[in-house]
Ligand SMILES: Nc1nc2c(ncn2[C@@H]2O[C@H](COP(=O)(O)OP(=O)(O)OP(=O)(O)O)[C@@H](O)[C@H]2O)c(=O)[nH]1
Ligand SMILES: Nc1nc2c(ncn2[C@@H]2O[C@H](COP(=O)(O)OP(=O)(O)OP(=O)(O)O)[C@@H](O)[C@H]2O)c(=O)[nH]1
Ligand SMILES: [Mg+2]
Ligand SMILES: [Mg+2]
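Residue numbers (my numbering), protein chains in the order written: chain A, 1 to 291; chain B, 292 to 567.
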């Protein structure tokens, strides 16, 4: 763990009054390695370490905690600060139906997250509808329809229509049947696929979502920054859902994305079942990243 | 004199950053930089093109050090498990490999052994009809080991060359799911004249968790090679170098899209060129 690694670095420190720059540099090298091993983007690591160094140099070495513990606390607090501190609640329209749109790379967990959101929102007293707007992947519509059937939530889908047309028609149906929240499941796509990114822009301009969520796999490595910035720039999103948090991926992508986009991680998916969706806990993820 | 200036301390940092940015990981990036440094010094390379080329050659050398995927067993049918964590591209890759083998004259059969995920079976069935190959499937929720068993019996009856087993996505941290996979493997092993094989599917966007995935999947299956998917994105899939360095598993295929023919045999030279 970071604590252990820093204890080693500071082992030679003996009763000196302050942490010198040289002491801190050694610690920063360890911190950089830990963060890179945890998949935090290397540019984000650079900034983060510089920031932590500023706070650590000149820190008085107190008797009650070891220098290592002091530095770990600075790192942990800094990380919780970055990961948290922003609005995590989902945004709903003043006049129903509200629209929530899920976007992201292939296989990140959008379709499953759509069903989970429906369950969560219904538990909060809302009346959700799911929209199957992935017209490309084999059996994608069947997947959402099967999930909808399991949780007793209607799934809107219309054969031979474009994704935009499906969403438009679904919104009309939601209004007609008094649904108060519509959850759009979109096809997985590459942030560098211009046509597919344009499809999201077209959907948004036709049916503006009150909430757009970028769904990202917790095991994503360095590329998380490129993906988040591209989706932010071309489509815009309000928050992130981090999936597959029930694995042992350290989750450094969370720090990277929050750091460069400022967008909050609102939810964490923690399993394959429809109930496995929870609020994002910055403190737990900070501990996990630090190992 | 200008050429001499190419080798600055920044040069080594930037080269290492490029490898880290590719998800090669701290240890593997350091190793490649170390090897490249030796080569650059011993060969007296000074120009920027020569420096880049030295790095490319070290990446190729590292990838080639993981060896070639083993020769397939001579007995028929072959059974290849397509395994890996959730959402990485197993079902799509199974279809692509089936298509590739069929183009080469193999008689193939798909086993729709993801009986767990919603529409897992339907997805494999749709792909099988696109490949134009038979598929063995049971009811959703059924025992996946039974699907494996039936598919091998069917393969023997139909003189099939290769059975491709699509398995459910599973996190390597889930002990019961890994045991289920181990059971499927043992069923196949008992039923076959030869040994089953396994391809581990790794998503190119994956960070260092890929190493744990390979390690744990390698404990229940004999993983002969990796299929690295989604290389048509911006991620470089460098975790396969960290995996190779630790476990010696080579990459056999790369996935470059969502279509049936978007699969290429892995080429270390092409990979290294794309990196630098
Ligand atoms: N263990 C675990 N698996 C998850 C989680 N979320 C999704 N999955 C699984 O990840 C795989 C992919 O999920 P999907 O919902 O199909 O992903 P997707 O983003 O809709 O995929 P595309 O539509 O192809 O882009 C499935 O096997 C899901 O069951 C999670 O939080 N934990
Ligand atoms: N761009 C791109 N997408 C891919 C590639 N391989 C698979 N995909 C997409 O990734 C998503 C997931 O693919 P699947 O084949 O369902 O993945 P899986 O591993 O079988 O998923 P689970 O069974 O749910 O664990 C789909 O949207 C595929 O089209 C690839 O090489 N490039
Ligand atoms: Mg989907
Ligand atoms: Mg699958």
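Heads up, the beta-carbon is just placed ideally off N, CA and C, and yes, glycines get one too.
In terms of side-chain proximity, the C-beta atom of residue 137/A is found nearer than 7 Å to a non-hydrogen atom of ligand 3. Here residue 128/A is bridged, per DSSP, to 181/A. Non-local C-beta neighbours of residue 10/A in its own chain, meaning closer than 6 Å and more than five positions away in sequence, comprise 67 and 68, ordered along the chain. Judged by the Cβ position, residue 110/A qualifies as a neighbour of ligand 3 at the 7 Å threshold, a heavy atom of the ligand being closer than this. In the three-state reduction of the DSSP assignment, residue 23/A falls in the helix class, which pools H, G and I. The bridge partners DSSP lists for residue 401/B are 426/B and 455/B.
Remark: the shortest separation between the CB of residue 377/B and any heavy atom of ligand 1 falls under 7 Å. Under the criterion of beta carbons closer than 8 Å, residue 514/B and residue 491/B qualify as touching, at roughly 5 Å. In the DSSP assignment, residue 259/A falls within the unbroken alpha helix (DSSP H) covering 252–261. Taking residue 123/A as reference, the option from 143/A, 162/A, 240/A and 181/A with the minimal CA-CA separation is 181/A. Remark: the C-beta of residue 409/B is outside contact range of ligand 2, defined as less than 7 Å to any heavy atom.
Per DSSP, the continuous alpha helix (DSSP H) segment holding residue 42/A begins and ends at 42–56.
Residue 524/B sits away from residue 221/A, with the two beta carbons spaced by 8 Å or more. Following the DSSP letters along the chain, one finds residue 101/A inside the beta strand (DSSP E) bounded by residues 98–103. Taking the Cβ of residue 381/B as the reference point, at least one heavy atom of ligand 4 falls within a distance shorter than 7 Å. In the DSSP assignment, residue 474/B falls within the unbroken alpha helix (DSSP H) covering 466–482. Here residue 6/A has 27, 30, 68, 71 and 72 as same chain residues with Cβ atoms under 7 Å from its own Cβ, once five neighbours each way along the sequence are excluded. Taking a 10 Å sphere around the C-beta of residue 89/A, we find fewer than 16 other C-beta atoms and assign the residue as exposed. DSSP places residue 300/B inside the alpha helix (DSSP H), whose first and last residues are 300–312. For residue 157/A, the nearest beta carbon of chain B is not closer than 8 Å to its own beta carbon. Closer than 7 Å at the C-beta level to chain B, one finds these residues of the region 26–49 of chain A: 33, 36, 37, 39 and 42.
In this structure, the beta-carbon distance from residue 415/B to residue 426/B falls below 8 Å. The beta carbon of residue 519/B does not come within 8 Å of any beta carbon belonging to chain A, so the residue lies off that interface. Residues are counted here when their Cβ sits less than 8 Å from a Cβ of chain B; for the region 172–198 of chain A these are 190, 191 and 192, given in chain order.
By the rule that beta-carbons nearer than 8 Å mark a contact, residue 120/A does not touch chain B.
The C-beta distance from residue 286/A to residue 42/A rounds to 19 Å, too long to fall under 8 Å, and the pair is not in contact. Within the region 413–434 of chain B, those residues whose Cβ lies closer than 9 Å to any Cβ of chain A are, in chain order, 413, 414, 415, 416, 417, 418, 421 and 431. Excluding five sequence positions before and after residue 219/A, the CB atoms of its chain that fall closer than 6 Å to its own CB belong to 249, given in chain order. Distance from the C-beta of residue 140/A to the nearest heavy atom of ligand 3 is below 7 Å. If you keep only unbroken alpha helix (DSSP H) runs of at least 4 residues inside the region 122–167 of chain A, you get 140–151. Proximity of the region 429–448 of chain B to the region 382–390 of chain B falls short of the contact definition, fewer than three beta-carbon pairs being nearer than 8 Å. At least one heavy atom of ligand 4 lies less than 7 Å from the C-beta of residue 460/B. Chain-ordered listing is empty here: chain A has no CB closer than 9 Å to the CB of residue 534/B, the nearest sitting near 13 Å. Distances between the C-beta of residue 269/A and the heavy atoms of ligand 1 include at least one below 7 Å.
Ligand 2 approaches residue 107/A closely enough that one of its heavy atoms is under 7 Å from the residue's Cβ.
Annotation: the continuous beta strand (DSSP E) that includes residue 278/A extends over 277–279.
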